[in-house]
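This report refers to the structure that appears directly beneath it.
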Amino acid sequence: MLLGGKIRIGAVLCAIWLVASLIFIAVRFSSGAPIDTNIQSILPNNSLAPAVKAAMTQSGEVAANRVVFLISDVGETGKNAAAADDLKQRLLSADLFISDDADHEELGRWIFANRNEILCEHADEFGEETAQSIRNQALARVYGVGSPITGGLLQSDPFLLTLRLADCLSQGAAKVDAHQTLMTGKLNQSAYRMDTQEKLQSIVSEWEDEWLKQNLTLARTGAVFHANHGANSAKAEMSFIGGLGLLGVVALFGFVFGRMSNVFIVASLIILSCASGLAATLLVFSQIHMLVLVFAAMLVGVVADYAVHAMASGVGNGWPDMQQRKTHLWRPMTVSMLTTAAGFTGLMFLGVPMFRQLAVFAVTGVFTAWALVLFIFLPFDKPPHKNEDALRLRWMRALALSMKLLPVSKNAALLASIIILLSSIGFIFAKPLDDVRQYQPRNEELMKQEKQLNEVVGSVSSQVFLVSQGDDLEEAKQNEEAYLDNLSAQLKEKSPEPASNLALTRFDPSNQRREVNRQKLDEFLEKPLGKLQRAQLGLKATQAIEDVTADKPSWLSDLYVEANDKVYLIARLSGGIDYPSSENAIVVDTANAYSHAFASYRKLAARSLMIAVCVALVFVFIVYRKSGALSVVIAPACAMLCGIYLPALFGMPITFFSMAGAMVLFGVGVDYSAFMWEAGRSKEAWTKASVLVGTVTTLLSMGLLALSDTLPVRSFGITVAVGVICALIFSTLPYYLAQKEALNAK
150 MLLGGKIRIG AVLCAIWLVA SLIFIAVRFS SGAPIDTNIQ SILPNNSLAP
200 AVKAAMTQSG EVAANRVVFL ISDVGETGKN AAAADDLKQR LLSADLFISD
250 DADHEELGRW IFANRNEILC EHADEFGEET AQSIRNQALA RVYGVGSPIT
300 GGLLQSDPFL LTLRLADCLS QGAAKVDAHQ TLMTGKLNQS AYRMDTQEKL
350 QSIVSEWEDE WLKQNLTLAR TGAVFHANHG ANSAKAEMSF IGGLGLLGVV
400 ALFGFVFGRM SNVFIVASLI ILSCASGLAA TLLVFSQIHM LVLVFAAMLV
450 GVVADYAVHA MASGVGNGWP DMQQRKTHLW RPMTVSMLTT AAGFTGLMFL
500 GVPMFRQLAV FAVTGVFTAW ALVLFIFLPF DKPPHKNEDA LRLRWMRALA
550 LSMKLLPVSK NAALLASIII LLSSIGFIFA KPLDDVRQYQ PRNEELMKQE
600 KQLNEVVGSV SSQVFLVSQG DDLEEAKQNE EAYLDNLSAQ LKEKSPEPAS
650 NLALTRFDPS NQRREVNRQK LDEFLEKPLG KLQRAQLGLK ATQAIEDVTA
700 DKPSWLSDLY VEANDKVYLI ARLSGGIDYP SSENAIVVDT ANAYSHAFAS
750 YRKLAARSLM IAVCVALVFV FIVYRKSGAL SVVIAPACAM LCGIYLPALF
800 GMPITFFSMA GAMVLFGVGV DYSAFMWEAG RSKEAWTKAS VLVGTVTTLL
850 SMGLLALSDT LPVRSFGITV AVGVICALIF STLPYYLAQK EALNAK
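The sequence shown finishes on residue 895 if you use our numbering, and the numbering steps up by one all the way, no holes.
Below, the structure written as structure tokens:
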């Protein structure tokens, strides 16, 4: 009666907490998902200043939303312009695309208004020879066949400085022939939104169906296309892997338990435990990082194991009453839960927000799973009304198989020793891989098209940026100019092109640089050659001084950001060069920054695993007061190491996601060992079958991720698949030591 009262109280408390959690989650998500998907959030705190991170975030968003299309007429039908216009109209009609055409007009007016204060070359390189060359080029343009020069432009700009600047400021820009049409612009929605990707792909596919059969080709580039390929690949993989895993779990539970309702029970327990962890995390933190959800996959394995043990305690013991089943489960499940929770609590002391979030999520989720199984699942898991003998027979088959696969013998010890030896060799040859550029497989066709566009418009995929700072815009401009001048001088022998074609100061120099440029033009061009040029062109003898103004092109605002009372200019640099940084100008290679972040967190995750193991060892020793009980933690710790380093023997690199898989192994491994320790003490046979079924469930739910083509997912899956098998084998150690302790006690 007392037990029933406690269980009812526990069930009521669980129900109240779960209802409150679901309501809280609904409220938090009602105003937008409180999930931090910004990969820059995982960068180590000391890697970049917050303001620089803000600048990089802005530049990253701008770069990600850029799209470029090149329509080529391979049959020389002259349809490329019409096809390009059709594609542009389709995109504009869908309110998805903003063409660069308006930007070109803005830039033209800006260049004309500032033609006497901007130079193509550095002012120190501007002299008599350059001035004479400018005059000759202008005359050639005027007297050339088919020249589009108007009298009004010549009167205002006799040296055609506007056209010269337009040419040099577009170095590395489009160079297409008559049979090609280039269309550039930006998306007005995030490239990483799945609805944006699907809408854009649908429009492009419909356009291709109509035009490609008319001897036209289309090359495209942009982050949106790679993101769409990655999303489609992930959907296909998850449909296949998830479907295969689901079928496997259904078949397994049908074979062992014979009750399909158990599949839905396990799924419900997993969902509710994850919801509880999410609610607790959002209660403590304003947001939760997406990578915390990757690590939190360990709950799937732990919750599934708890549920399997609860089911096995019924059929494996002839359906005893609830008190007996609770007696079978209470101690090992509680030790497993508290040991796992104690280990993850250690993450709180690493001082990293992401790992603090993980600690709250994991501890709450594990505790919820424990409570749900003991206080809600057990009371409702009644003996079957019929076919009890048939269900018992199914269980006996699983039990017989587990006795064969998990013998406590010298052969088992030898197998474990061989696995540890091979893993030790793997440790010697293991190599980390933190380069994010190798994480996601790229579509060969998209890469081919991107290469084609690079040849036409220059590099469109460089993620190397110069971030120049100053107390105001003028100071920031001077710092950017100083860095680029110095860099251009260093690179001049290697490349005649400027260090950056997309820098604010190339189009809008500092006041100091404007004055110097104006003096150079006046000294070497206007004073000695101005009258001669006008006379030869039949223009008025003196140039009218015009007060021409133009608004700054709107896209130039993408090249700077204000934060923390500072101004930061962002200039894209060519990739493949080792750029130095200076006091007021920092070079940031985005891919390298992310790679360093993953390397940092891979090491930090490894350290957190060691902390978790140490905390768990102390806790287990306090609970059991026996040295042999330490095997409850030592066995899964060895399984973690083998899961990481045994695949390394065959060339699998170590990644941040290997450590995520190791956290899963720690949770399920402690569970296996705790139950096997208790089984060894009480000489219970049903536990071996329960642990075996839990292992296969984990393999089917997470181990199949090893089939993925995406490295992070595959790395996670392989670590779990290899490690969970090792955890199963190593769990015979606590079983053997517990038996030995029991015999010695007699």
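Glycine included, each C-beta is placed from N, C-alpha and C at the ideal position. Since this is a predicted model, take the numbers as computed values, not measurements.
In this structure, the alpha-carbon of ASN741 lies about 15 Å from that of THR804.
Around the C-beta of ASN263, 16 or more other C-beta atoms lie within 10 Å, and the residue is accordingly described as buried. Taking C-alpha positions only, ALA811 is separated from HIS745 by approximately 21 Å. The beta carbon of LEU401 sits closer than 8 Å to the beta carbons of VAL842, VAL845, THR846, LEU849 from its chain, once the five residues preceding and following it are set aside; these are given in chain order. Between ALA788 and LEU753, the CB-CB gap reaches or exceeds 8 Å. Pairing GLN612 with GLU347, the inter-Cα distance amounts to about 25 Å. For the stretch 235 to 270, the full-length alpha helix (DSSP H) segments reaching 4 residues or more read 250 to 262 along the chain. A residue is called buried when at least 16 other Cβ atoms come within 10 angstroms of its Cβ; ARG342 does not meet this threshold and is exposed. Non-local C-beta neighbours of LEU790 in its own chain, meaning closer than 7 Å and more than five positions away in sequence, comprise SER572, ordered along the chain. ALA755 places its beta carbon 8 Å or farther from that of PRO581. Inter-residue distance for ASN660 and HIS253 is about 24 Å (C-alpha atoms, whole angstroms).
In this structure MET808 is in contact with ARG751, their Cβ atoms being roughly 6 Å apart against a cut-off of 8 Å. Using a 10 angstroms sphere on the CB of ARG774, the tally of other CB atoms stays under 16, which defines it as exposed.
Close CB contacts of VAL873 within its chain, under the 7 Å cut and outside five residues either way in sequence, are with LEU814, VAL817, THR844, THR847, LEU848, GLY852 (chain order).
Within the same chain, GLY407 come within 8 Å of ALA539 by CB-CB distance, once the 5 residues on both sides are set aside. Closest option to SER822, judged by alpha-carbon separation, among ILE878, ALA429, ARG591, GLU711: ILE878. A residue is called buried once 16 or more other Cβ atoms fall within 10 Å of its Cβ, and ALA287 is buried on that count. Assignment of MET409 by DSSP, reduced to helix, strand and coil, places it in the coil class. Just measuring C-alpha positions, the residue of SER831, GLU274, ALA212 sitting nearest ALA372 is ALA212.
Inter-segment contact for the stretch 482 to 490 and the stretch 518 to 530 is present: three or more beta-carbon pairs are separated by less than 8 Å. Under the three-state reduction of DSSP output, PHE308 falls in the coil class, being neither helix nor strand.
Pairing LEU268 with PHE261 gives a Cβ-Cβ distance that is not under 8 Å. For PHE413, the number of other beta carbons within 10 angstroms of its own is below 16, and it is reported as exposed. If you draw a straight line from the Cα of PRO702 to the Cα of ASP250, it comes to about 12 Å.
About 4 Å separates the Cβ atoms of SER248 and GLY334, confirming a contact at the 8 Å cut-off. Under the three-state reduction of DSSP, GLY397 is assigned to helix.
Within the stretch 738 to 810, complete alpha helix (DSSP H) segments of at least 4 residues are found at 739 to 773, 780 to 794, given in chain order. Nearest C-alpha to ALA508 among ARG541, ALA549, GLY426: GLY426. Here DSSP, grouped into helix, strand and coil, assigns MET851 to coil. For LEU636, the enclosing alpha helix (DSSP H) has its first and last residue at 622 to 640. Beyond the five residues adjoining it in sequence on each side, GLU210 comes within less than 8 Å, by CB distance, of SER339 in the same chain, given in chain order. For ALA272, the closest of VAL665, ARG863, SER558, VAL176 by C-alpha to C-alpha distance is VAL665. For the stretch 428 to 512, the continuous alpha helix (DSSP H) assignments of 4+ residues that do not extend past its boundaries occur at 439 to 444, 447 to 464, 471 to 494, in sequence order. As computed with DSSP, PHE218 is found in a beta bridge with MET332, ARG369.
The beta carbon of GLU386 lies closer than 6 Å to those of SER857 in the same chain, with the five residues before and after it left out. Within the model, the alpha-carbon separation for PHE656 versus ARG721 is close to 14 Å.
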